[in-house]
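Data first, discussion second: the structure below is written as structure tokens.
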Ligand SMILES: [Zn+2]
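Residue numbers (our numbering): 559 to 1045.
The following block contains the structure:
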């Protein structure tokens, strides 16, 4: 009863109020009531509704904007033309610093750091979601009066609401994308009529409702005009790419996760691409990426980024070896073979022979995906599946996934008859367990060229094609390379 009476009184108050208001013309039905919560200031409330302090103060006849009370009701004019809203969050881009981001939103570094519980201002990372607005009070404040009209947040769903078109990249999940923009998975599902939230694909375009393209606050050295980190968060077992655009030609080198990185330079000499393989078993966390740019005079410009690495979520399998087939797994042999392959595939060829995504090496379905972590006979999960298996019929064609030079075509203990192709830029593909090999070292092969036939040589239980992709000496998920282009 009391509640209803208050709401009626309040509504009456609103109706009475409006004709007298200077905002009434445009916003006859665009007024909401905000109940001041503990910890709120007029400044914060104004920010929340994309208004100025003055607008709220004059609309409510507040003489002293510094003096508002918890529980006080404020009339909030919701103007038809939204003003530049301060977003709730900011996603850190490569080249941004806490200082440049703070400046973008008119905050101090200390303010921004404390809003995000950041103790070391140099430890922010690409893709990190920073809270720009002050956090809401931890506990709801006891209000002396019941809340009559819920305060509507500034975000609305009117057709004018700006939307961002986001292109799905490898390693993305709806959850990850939603989190990045401060949304829920449901928000994305509704906006895009997604029927199965677990199925999204690389290159798919998603509408991000109510989100403007984020502002950026680049704080790059003067001779660097752009840095792209793609995807913004790296994933264990997957491939990432850094692309730098410079004002003058530079020699680019870098280190990440104890790997020395080489960059490929385009013809203009102004765009450098670094392709990075994230080893399986890399713990999730934030890791420093150090890049050095050296100009013609030998002047070195360092750039330091922090990159987040996420778990690949590959799952586990325990394998019990029959005593008669322990010959299938021999860690000593495996390690020796890995070292041999690693030294071969750590060479960086500056010419790129691949173009766009890789083609499939066999016309067959996948029988075992990359990355699953394995334990043998109850031992530790310290092995993983280093490639993608295709259930191809024995004798069927093995095809080159892209153009390149054959650098190995011989027999290996575990992988059997194996062919290795160098595609340039540190990218190699490996084709294992073949019966026949049609190419030899030094041959140049084209995309789709038949290089051999499927078999069961090496340590296998049956015929299949085991296919690996190596990036800068690291085994990565080959299927990401089929779906995405790194050229
Ligand atoms: Zn395999």
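Glycine included, each C-beta is placed from N, C-alpha and C at the ideal position.
_C-alpha distance - residue 1025 paired with residue 601, whole-angstrom precision_ = Here residue 1025 refers to the residue found at position 467 of the chain shown. Here residue 601 refers to the residue found at position 43 of the chain shown. Looking at the two C-alpha atoms, the distance is approximately 59 Å.
*Is the beta carbon of residue 767 sitting closer than 9 Å to the one on residue 748?*
As a first step, residue 767 is located in the chain shown; it is residue number 209 there, counting from the start. As a first step, residue 748 is located in the chain shown; it is residue number 190 there, counting from the start. It is a contact, given that the beta carbons lie within the stated cut-off.
*Where the alpha helix (DSSP H) through residue 892 begins and ends*: Here residue 892 refers to the residue found at position 334 when the chain shown is read from its first residue. Unbroken alpha helix (DSSP H) run through residue 892: 889–902.
*Quickly, what does DSSP pair residue 595 with across the bridge? List them, please.*
In the chain shown, the residue the question calls residue 595 occupies position 37. DSSP lists no partner for residue 595.
*Should residue 935 be counted as a contact of ligand 1 given a C-beta to heavy atom distance under 8 Å?*
Your numbering for residue 935 matches position 377 in the chain shown. Checking the Cβ of residue 935 against ligand 1 gives no.
*Taking any heavy atom of ligand 1 as the mark, which residues have a C-beta closer than 6 Å to it, listed down the chain?*
Selection around ligand 1 by beta-carbon proximity, strictly under 6 Å to any non-hydrogen atom, yields 926, 943, 945, 947 and 1024 in chain order.
*Spatial distance of residue 1031 from residue 820 (CA atoms)*: The residue you call residue 1031 lines up with position 473 of the chain shown. The residue you call residue 820 lines up with position 262 of the chain shown. Spanning the two alpha carbons is a distance of roughly 12 Å.
*Mind checking whether residue 947 and residue 924 have CB atoms under 9 Å apart?*
As a working note, residue 947 is residue 389 in the chain shown. As a working note, residue 924 is residue 366 in the chain shown. Going by C-beta atoms, residue 947 is nearer than 9 Å to residue 924.
*asked:* Please confirm whether residue 743 has its beta-carbon closer than 9 Å to some beta-carbon of chain C.
replied: Looking at the structure shown, chain C is missing, and only one protein chain is on hand.
_Taking 6 Å as the limit between beta carbons, can you name the residues of its chain near residue 970, skipping five residues before and five after?_
Translated into the one-based positions of the chain shown, residue 970 becomes position 412. Here the set comprises 895 and 976.
*asked:* Please classify residue 627 as buried or exposed, where buried requires at least 16 neighbouring CB atoms within 10 angstroms.
replied: Walking along the chain shown from the start, residue 627 turns up at place 69. Under this definition residue 627 is an exposed residue.
*asked:* Contact defined as beta carbons within less than 8 Å: I believe residue 983 pairs with residue 910. What is the distance between those atoms, to the nearest angstrom?
replied: By 1-based counting over the chain shown, the position of residue 983 is 425. By 1-based counting over the chain shown, the position of residue 910 is 352. With 8 Å as the limit, residue 983 and residue 910 qualify as a contact, their Cβ atoms being about 5 Å apart.
*asked:* By DSSP's criteria, residue 860 is part of a beta bridge. Which residues make up the other side?
replied: Numbered from 1 along the chain shown, position 302 holds the residue referred to as residue 860. BP columns for residue 860 point to 850.
*Across which residues does DSSP place residue 874 in a beta bridge pair?*
The residue labelled residue 874 in the question sits at position 316 within the chain shown. Paired residues: 931.
*asked:* For residue 952 and residue 682, I'd like the C-alpha separation in whole angstroms.
replied: Sequence index remark: in the chain shown, residue 952 carries index 394 (1-based). Sequence index remark: in the chain shown, residue 682 carries index 124 (1-based). Using only the alpha carbons, I get a separation of about 51 Å.
*Mind reading off the beta-carbon distance from residue 782 to residue 851? Whole number of angstroms is fine, and I expect it under 8 Å.*
The residue you call residue 782 lines up with position 224 of the chain shown. The residue you call residue 851 lines up with position 293 of the chain shown. At roughly 7 Å, the Cβ-Cβ gap stays under 8 Å, so residue 782 and residue 851 are in contact.
*Any idea what DSSP makes of residue 692, helix, strand or coil?*
Within the chain shown, numbered from 1, the residue matching residue 692 stands at position 134. Three-state result, residue 692: coil.
*asked:* Let's test the definition: count the other Cβ atoms within 10 Å of the Cβ of residue 625 and tell me whether it reaches 16, buried, or not, exposed.
replied: In the chain shown, residue 625 corresponds to position 67, counting from 1. By the 10 Å Cβ count, residue 625 comes out exposed.
*Would you give the residue range spanned by the alpha helix (DSSP H) that residue 1041 belongs to?*
For this step, residue 1041 is matched to residue 483 along the chain shown. Element bounds for residue 1041: 1036–1041.
*Please name the residue, chosen from 920, 648, 844 and 664, that lies closest to residue 1005 on a Cα-to-Cα basis.*
In the chain shown, residue 1005 corresponds to position 447, counting from 1. Answer by Cα proximity: 920.
_If you measure between the beta carbons of residue 980 and residue 870, is that distance less than 9 Å?_
Taking the first residue of the chain shown as position 1, residue 980 is located at position 422. Taking the first residue of the chain shown as position 1, residue 870 is located at position 312. No; because the gap between Cβ atoms is not below 9 Å, this pair is not in contact.
*So residue 657 is in the alpha helix (DSSP H); what residue range does that whole segment cover?*
In the chain shown, residue 657 corresponds to position 99, counting from 1. Residues 656–662.
_One question on the structure: do residue 589 and residue 635 come within less than 9 Å of each other, judged by their Cβ atoms?_
For the purposes of this step, residue 589 is identified with residue 31 of the chain shown, where counting begins at 1. For the purposes of this step, residue 635 is identified with residue 77 of the chain shown, where counting begins at 1. Yes; because the gap between Cβ atoms is below 9 Å, this pair is in contact.
*Verify whether the separation of the beta carbon atoms of residue 847 and residue 813 is less than 9 Å.*
Counting from 1 along the chain shown, the entry for residue 847 is found at position 289. Counting from 1 along the chain shown, the entry for residue 813 is found at position 255. Yes, the Cβ-Cβ distance between residue 847 and residue 813 is below 9 Å.
*List the endpoints of the continuous alpha helix (DSSP H) containing residue 617.*
On the chain shown, position 59 is the one that residue 617 refers to. Looking at the DSSP string, the run of the alpha helix (DSSP H) that includes residue 617 is 611–617.
*Alpha carbon to alpha carbon, how far is residue 817 from residue 1053? Give it in angstroms, no decimals.*
What is shown of the chain runs 559 to 1045, which leaves residue 1053 out entirely.
*Tell me which same chain residues have a C-beta within less than 8 Å of the C-beta of residue 727, skipping the five on either side of it?*
Position 169 of the chain shown, counting from 1, holds the residue named residue 727. Cβ neighbours of residue 727 beyond the five flanking positions: 760, 788, 789 and 1042.
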